[in-house]
Structure formats: structure tokens, C-alpha cells
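Undergrad: Sharing a structure below in C-alpha cells format, with a few things to ask.
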Amino acid sequence: GNSASPTASAPYGKALSLLATLFFMWGFITVINNTLLPHLRSVFELNYTQTTLIESVWFIAYFFASMPSAWLIERIGYKKALVAGLTIMAVGALLMVPAARLPSYELTLFALFVIASGITLLQVAANPYVAVIGPPQSAAARRAAEAELRTRIDKFAPAHERLVGAMRRWLQKRLPAAH
Numbered sequence: 154g155n156s157a158s159p160t161a162s163a164p165y166g167k168a169l170s171l172l173a174t175l176f177f178m179w180g181f182i183t184v185i186n187n188t189l190l191p192h193l194r195s196v197f198e199l200n201y202t203q204t205t206l207i208e209s210v211w212f213i214a215y216f217f218a219s220m221p222s223a224w225l226i227e228r229i230g231y232k233k234a235l236v237a238g239l240t241i242m243a244v245g246a247l248l249m250v251p252a253a254r255l256p257s258y259e260l261t262l263f264a265l266f267v268i269a270s271g272i273t274l275l276q277v278a279a280n281p282y283v284a285v286i287g288p289p290q291s292a293a294a295r296r297a298a299e300a301e302l303r304t305r306i307d308k309f310a311p312a313h314e315r316l317v318g319a320m321r322r323w324l325q326k327r328l329p330a331a332h
């Protein structure tokens, strides 16, 4: 038997590699959000309710963006929806720049909502795309590999707490005191 993965030499291997990169990217961003919470709380001097809202904004975005994401995928297809999701995520990330410079809790919250909305579109598009991108008989194997990748990402991202701490210290040096 062939010990190579069923997708290693497949013509859709490049697309799966890109999808794996996307899974890693948005998985890392989603997991690292929880790691950033205490740092954002100190930088922006947030109370517990405001901190909880930052964490909840991800779930709020999933709630509001899921159905529009499905509708968009029906209209433009998986590939264009993936590009749209990345674009939305990038806009949200760019909004973090003025949010940090002001500093503005509200703009930070909105930027996180935009990022999470982009991630929602990516997830709604990529999850079924993994299943349909290759032959039906190997769809389950591709989905299992995707699930394994997500598990590894969930363990990998929080391990970078020192990096996040360094980012927080860098931000604190550059932000005016939030009073």
C-alpha cells in the first residue's frame, strides 16, 4: 500500500495546502484572542464587563455573520468567498491600528467584530470546500486531517504567551495612557 497521504500528490494538493494555512491563521487568531484579553484589559484599563465583551464579540460575530456568509458563498462560490473573508479579516486588522493609536475600546471592539466576521466567512466557506475539493471517497480523510490541524492549533497558540507579553509591553510604551 501507499503510505503517503491521499492528498499528497493530488492535483488539489496546493488548494488543500492553502486551506491548511488559512485554518492555521484564523485558528491562531481566534485562540490568541483569549490570550490577549488580560493584556488588552491592562492597556485599555478595561473592567471585567468590557473584557468579557471583547471575548464575546467573536461569538456575536459568528451569530450575525454565519447566514450572510452562507448566502454570499451561494452567490460567488467558495474561492471568491475565501478571498472576501481574508479581505474582511484584513480590514478588521487594519482597524486595530487606529484603535491602538487613539486608544479606543469601542474601535478595538468593532475591529475584533470585523476580524471575527471575516473568520466566520472563511470557516463557512472552507469547511465544506475541504470536503468537495477532491474525490468524494477521500472527503472524510480530508475532514479528519482538518480536525487534527485545528486541535494542534488550539494547543500551539496559547504557548506563545511570552510573545504576546512582549507585544503588550511594546504597545504600552507606544500608547498614551488611557485616562
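With our numbering, the residue at position 179 of the sequence shown is 332, and numbering never jumps.
Even glycine gets a Cβ: it sits at the ideal position worked out from N, Cα and C.
Being a predicted model, the structure only gives us computed values, none of them experimental.
Roughly how many angstroms separate the alpha carbons of R296 and S222, rounded to a whole number?
TA: Looking at the two C-alpha atoms, the distance is approximately 20 Å.
Undergrad: Helix, strand or coil: which one does DSSP assign to L172?
TA: Residue state, collapsed to three classes: helix.
Undergrad: Pick from G271, E208 and G230: whose alpha carbon is nearest that of T188?
TA: Checking every option, the nearest Cα to that of T188 belongs to E208.
Undergrad: Please report how far the alpha carbon of A152 lies from the alpha carbon of P288, in whole angstroms.
TA: A question about residue 152 goes unanswered here, because the residues of the chain that appear run from 154 up to 332.
Undergrad: Please report the straight-line C-alpha distance between M220 and I268, rounded to a whole angstrom.
TA: So the two alpha carbons sit approximately 16 Å from each other.
Undergrad: Can you list, in chain order, the stretches of the alpha helix (DSSP H) that have 4 or more residues and sit fully within the segment 229-281?
TA: Listed in chain order, they are 231-254.
Undergrad: Please identify the residue among V277, A293 and A246 whose C-alpha is closest to the C-alpha of F216.
TA: If we check each option's Cα against that of F216, V277 comes out closest.
Undergrad: Counting C-beta neighbours from all protein chains within 10 Å, is the total for S270 16 or more, i.e. buried, or is it exposed?
TA: Buried: at least 16 other Cβ atoms inside 10 Å.
Undergrad: Go ahead and pull the three-state DSSP assignment for N187.
TA: DSSP places N187 in helix when its eight states are reduced to three.
Undergrad: Mapping DSSP to helix, strand and coil, what is E299?
TA: Three-state DSSP puts E299 in a helix.
Undergrad: Just how far apart, CA to CA, sit L190 and S170?
TA: Answer to the nearest angstrom: the Cα atoms are 31 Å apart.
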